[in-house]
Structures are given as C-alpha cells and as structure tokens.
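From first to last, the protein sequence lines stand for chains R and X. In short: position in the first sequence from 1, add 151, done, that's the working numbering. In short: position in the second sequence from 1, add 766, done, that's the working numbering.
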Amino acid sequence: DVAKAIINLAVYGEAQNRSYERLSLLVDTVGPRLSGSKNLEKAIQIMYQNLQDDRLENVHLEPVKIPHWERGEESAMMLEPRLHKMAILGLGSSIGTPHEGITAEVLVVTSFDELRRRASEARGKIVVYNQPYVNYSKSVQYRVSGAVEAAKVGALASLIRSVTSFSIYSPHTGIQKYQDGVPKIPTACITVEDAEMVARMASRGSRVVVQLKMGAKNYPDVDSFNTVAEIIGRKYPEQVVLVSGHLDSWDVGQGAMDDGGGAFISWEALSLIKDLGLRPKRTLRLVLWTAEEQGGIGAFQYYQQHKANISNYSLVMESDLGTFLPSGLQFTGSEKARAIMKEVMKLLQPINVTQLFTAGEGTDISFWIQAGVPGASLLDDLYKYFSFHHSRGDTMTVMDPEQMNVAAAVWAVVSYVIADREEMLPRN
Amino acid sequence: AAIYQNGVSQNTFQEIKEEIAHYK
C-alpha cells in the first residue's frame, strides 16, 4: 500500500503543505532568480544546505556556465496621437537603446506574414506585433523571433504583445533570440491592452509615435550549478529515475509559480519517500536546474556530462507547467511504456489524478527524451499558468498549498513506483 | 528478473499489471 501511504502523508498527514511552506521561505528570502544574478546563486547555496539538512544522499552541485543579462532601467512612452506611458518588460538577451532612446512611428502587424507583405513600410519604424493568443507554443514564436523578423525589414525596434491567456495590464517577459547576420535591435513585450489599442489607432489611420528606452545589457557567461540530491537505489543503484524542476526564474515577481512549484514538489517527492523509510530498487535523483529560462542551458550541460549513462535512465520527469491541481501526467514513450504508465496512474485513484496524456515535455528533459528516454511532465491549469507566467504576478499568492500537496503526491507515487518496479521502462 | 537492458521483458503484461497493482 505504498501509494496510499505516500498520498496520506502528502495530502492528509504530517507532510501536508510542507512543499508550499518550503517554497514560500525560499522565494520570500531571495526573491526572483534570474540567470547570472546573485539571487540565483544564493538560492542554489540555500538549496544545497536544505537538501543536506533533509538527510538526502549524494547531495552535490555540478558546475555549469550560464548567460548573464541585466534589464536595467526601461520605459516606453506613446507620444502621438496622445501621451500614454506604456508598461513594458524588455526581453531576455535584448540589447539596450541609445541613452536618449529610440523615437519612431510604429507599424502594427498581427503576423509575420503581414510584416513581410508590408516590409516596404517598416524601414525606420518600431514594429508592434499584435498577434492573437492561439496557445503558448504557437504565440511564443512572436516573442522569440519578433526582433529578428523586424530587423530583417529595417525596423529600429520591436514591441510584442505579451504571450498570455489573460491580462490585467500585465506585461510578460521571456527569452528572445537574435540571428547571426541580422542586425540586433532592442525588443520588449507590451501589454495586451496597449497592443490592441495601438492596433485600433493605426487601423483608423492615426500616426502612432513611441519613444522606447531600454538599459538592457549582456555580460560574459558566469558560473552556476545544477543542484543534485538522491535516494540511492537498493538493488540497481546505477539505474536512475530523474525528478526535476528549475530553480532559476525571470527577474519579475518571485518566480514562485514558474517554476519554484515544480522544483519544490520534486524535492518533496524525495522527502516523502525518505520519510516513509522507503528505498526503491533504482536511484531516485532530484535535479534542480539552473538557467532553464535561457533555453535549458544548465540542463544541456548536465546532459552532455551524463549522456554516457543514458541506458540507465528509466524515466525523466520535469514539472514546469505549474503545480496547481494536476489534471494528469503528460508522457512521451513507447506504447509498451505507455501501457505500464497507465497502470501506475491507476494507483492515484484516491486523489482522482489518473489521466495519462501524450507529449511529456520539459525544456530541461527534452535532450533525454529526444535521445529515447521515456519522459513525463505534470499537466494542470494552463490558462491560469500562462496568465501569470513571466509576469510580476508570479508570486506565492498564485500558489495553493493543498494543490501543491496533490501535485507532490502524484510526483512521488509515479517516481517511486517506476524506480522500484523490477524492470526499467521499455524504450523502443 | 531482467532489467530491460535488451528491451525485452521477461514478464507478461498481466504480470506487470499485478506487480504495479501491489503498490496500491
């Protein structure tokens, strides 16, 4: 009755709300944890101590190099057809503007296609993308590539509608990528409300002029660490189930939901199993990634350093879509492995989280999944998640201790059973 | 039992189902 014991301990017993309390202590203490920031390195040192105090095994830090970008002071002011201060969040890795800023007329488009059709109008302008929110993975392309596509047609800067499912005048940040051979221009996200207002003004034929100022700066890469802790397997210690979340966040809010929650339910999974005196046949490895938000930078280096042992990884798991009440588990693997995972999900009947979806995903575990290791991620309320994602609203106020208890129970049952059953998950 | 090094299980799916059910 292992599953029942884990569920009782996490949801109704001594350990309830522990992951929420631990998370709130960390994020209230250090705040948001941007790649390259002192806050992130402080959080790593605190977690290194926490995991040792929690009497986990083989607790250690694995050194990596990560990007260091700083936002600096930034602002945007609409000057015509009337004065209006625009809330913005510059995008990660963007360059800054000259001190006096960039003042230019805007060209509003709703898609890359429209931008290419109107390329002749773009030279010397600030391109405003007012792309509709379809879903995160489709719409995020405008944030990631908006500057490059605007620069290709001679624009001076790009302002991109925040990639969010709901807005109360909240800009959302995130990483953007330049392209070799394409001039670098400053780029930031604006609110849904401002993107739509500017679009309405332009569609009536008004000339819209904006002044953008950004103090953003890119610095040389800095040292950081992936944080690792284990419960060493009692029979096949060289074989691994990897449970993970990322410890870094954007430099807004507290980085509680994205994805402090995922990091702390991963820690909680090992604590629950340890508290019950359980030791699975295979090693349960917790990894708290660094610099996920810049593109899985810490996780890629971890993969490079450990891929020689890939045949020993039975399952890789990452929680990076929030830890609200889970609707189930996303899973990528063979049909045989999926059939086994479906049996495992039945053990979660007591908390009614038994659905197994496709497309297990996670920036940090994608390298392992692409190399054939079965992968799993926690799925929950994406509408709520992307409403707060990468915004100043990402704080403990969004989190719910009871929902985190359930998420931790799912995470602990799945990771323990796969780590303890006699065989590894089948691959092909 | 095999540890799935060669991708072939020594157990039938029914045995696997029973194995997992005992974790309940």
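We put the CB at the ideal spot given by N, CA and C, even for glycine.
(message) Any contact between the stretch 323-331 of chain R and the stretch 192-207 of chain R? By contact I mean 3 or more CB pairs, one from each, below 8 Å.
(response) Judged by Cβ distances under 8 Å, the stretch 323-331 of chain R makes no contact with the stretch 192-207 of chain R, as fewer than three pairs qualify.
(message) What does DSSP give as the partner residue(s) for Gly-243/R in the beta ladder?
(response) According to DSSP, which records beta bridges pairwise, Gly-243/R is partnered with Ile-326/R.
(request) Locate the beta strand (DSSP E) running through Gln-506/R, then write down its first and last residues. (result) In this chain, the beta strand (DSSP E) harbouring Gln-506/R covers 506-508.
(request) Check the Cβ of Ala-490/R against every Cβ in chain X and list those closer than 7 Å, keeping chain order. (result) Those are Phe-779, listed as they occur along chain X.
(message) If you reduce the DSSP assignment to three classes, tell me which class Asp-152/R lands in.
(response) Here Asp-152/R carries a coil assignment [DSSP, helix/strand/coil].
(message) Measuring straight from C-alpha to C-alpha, what distance separates Asp-571/R and Arg-433/R?
(response) Cα to Cα, the separation comes out at about 6 Å.
(message) Here's the rule: buried if 16 or more other CB atoms are within 10 angstroms of the residue's CB, otherwise exposed. What is Leu-230/R?
(response) So Leu-230/R ends up on the exposed side.
(message) For Asp-372/R, tell me which candidate among Ser-226/R, Leu-212/R, Trp-220/R, Ala-559/R has the shortest Cα-Cα distance.
(response) Nearest to Asp-372/R by alpha-carbon distance, out of Ser-226/R, Leu-212/R, Trp-220/R, Ala-559/R, is Trp-220/R.
(message) Against chain X, with Cβ distances strictly below 7 Å, would Leu-498/R count as a contact?
(response) Judged by the 7 Å Cβ criterion, Leu-498/R is in contact with chain X.
(request) Mind listing the chain X neighbours of Arg-572/R? Cutoff is C-beta to C-beta under 7 Å, in chain order. (result) Scanning chain X for C-beta atoms nearer than 7 Å to the C-beta of Arg-572/R yields Glu-785, Ile-786, reported in chain order.
(request) For Ile-239/R, count neighbouring Cβ atoms within 10 angstroms of its own Cβ and tell me buried if that reaches 16, exposed if not. (result) Counting Cβ neighbours within 10 Å, Ile-239/R comes out buried, since at least 16 surround it.
(request) Determine whether the Cβ of Val-568/R lies closer than 7 Å to any Cβ atom of chain X. (result) Against chain X, the CB of Val-568/R has a partner CB under 7 Å away; the residue lies at that interface.
(request) Please say whether Asp-426/R and Phe-475/R have beta carbons closer to each other than 7 Å? (result) Phe-475/R places its beta carbon 7 Å or farther from that of Asp-426/R.
(request) Starting from the beta carbon of Val-153/R, find every residue of chain X whose beta carbon is closer than 7 Å, and list them in chain order. (result) Under the 7 Å cutoff, chain X gives Tyr-789.
(message) Is it buried or exposed, Gly-384/R, if we count other Cβ atoms within 10 angstroms and call 16 or more buried?
(response) With a 10 Å radius around the Cβ and a threshold of 16 neighbouring Cβ atoms, Gly-384/R comes out buried.
(request) Pick helix, strand or coil for Met-408/R, following the three-state DSSP scheme. (result) Correct three-state label for Met-408/R: helix.
(message) Which same chain residues end up closer than 7 Å to Glu-272/R when comparing Cβ atoms and leaving out the 5 residues on each side of it in sequence?
(response) Only Leu-258 meet the Cβ criterion.
(request) With 7 Å as the threshold, decide whether the Cβ of Val-495/R is near any Cβ in chain X. (result) For Val-495/R, the answer is yes, since a Cβ of chain X falls inside 7 Å of its Cβ.
(request) Helix, strand or coil for Phe-317/R, going by three-state DSSP, please let me know. (result) The answer is coil: DSSP assigns Phe-317/R none of H, G, I, E or B.
(request) Determine, using beta carbons only, whether Val-314/R and Val-291/R come nearer to each other than 7 Å. (result) Between Val-314/R and Val-291/R, the C-beta gap is smaller than 7 Å, which places the two residues in contact.
(request) Could you tell me which of Lys-487/R, Ala-407/R, Ser-175/R sits nearest to Ser-542/R, measuring between CA atoms? (result) If we check each option's Cα against that of Ser-542/R, Ala-407/R comes out closest.
(message) Would Val-349/R and Val-299/R qualify as a contact pair, given that the criterion is a beta-carbon distance under 7 Å?
(response) No, the Cβ-Cβ distance between Val-349/R and Val-299/R is not below 7 Å.
(message) Just to check my reading of the structure: Leu-310/R and Ile-277/R have Cβ atoms closer than 8 Å, yes? What is that Cβ distance to the nearest angstrom?
(response) Confirmed, about 6 Å.
(request) Identify the contact partners of Pro-525/R in chain X, using a Cβ-Cβ distance below 7 Å as the criterion. (result) Those do not exist, as Pro-525/R stays about 11 Å from chain X at its closest Cβ, beyond 7 Å.
(request) Mind checking who Tyr-284/R pairs with in its DSSP beta bridge? (result) Paired residues: none, contrary to the question.
(message) I need the boundaries of the beta strand (DSSP E) containing Asn-209/R, first residue and last residue.
(response) First-last of the beta strand (DSSP E) with Asn-209/R: 208-221.
(request) Report yes if the C-beta distance between Ser-417/R and Leu-437/R is below 7 Å; otherwise report no. (result) Yes. Within cutoff.
(message) Closer than 8 Å is the cut-off here; do at least three beta carbon pairs connect the stretch 274-289 of chain R with the stretch 346-364 of chain R?
(response) With a cut-off of 8 Å, the stretch 346-364 of chain R and the stretch 274-289 of chain R count as touching, because enough Cβ pairs lie within range.
(message) I'd like to confirm the pairing. Which residues does DSSP put opposite Trp-440/R in its beta bridges?
(response) Paired residue(s): His-397/R.
(message) If distances are taken between C-alpha atoms only, which option among Leu-435/R, Asn-159/R, Thr-248/R, Arg-169/R comes closest to Leu-207/R?
(response) Among Leu-435/R, Asn-159/R, Thr-248/R, Arg-169/R, the Cα nearest to that of Leu-207/R belongs to Leu-435/R.
(message) My output table needs one value for Met-575/R: the three-state DSSP class, helix, strand or coil.
(response) Coil at Met-575/R, not helix or strand.
(message) Tell me the rounded alpha-carbon separation between Ile-520/R and Phe-539/R.
(response) Cα-Cα distance, rounded: 28 Å.
(request) Give the DSSP-derived three-state secondary structure of Val-467/R in the structure shown. (result) Under the three-state reduction of DSSP output, Val-467/R falls in the strand class.
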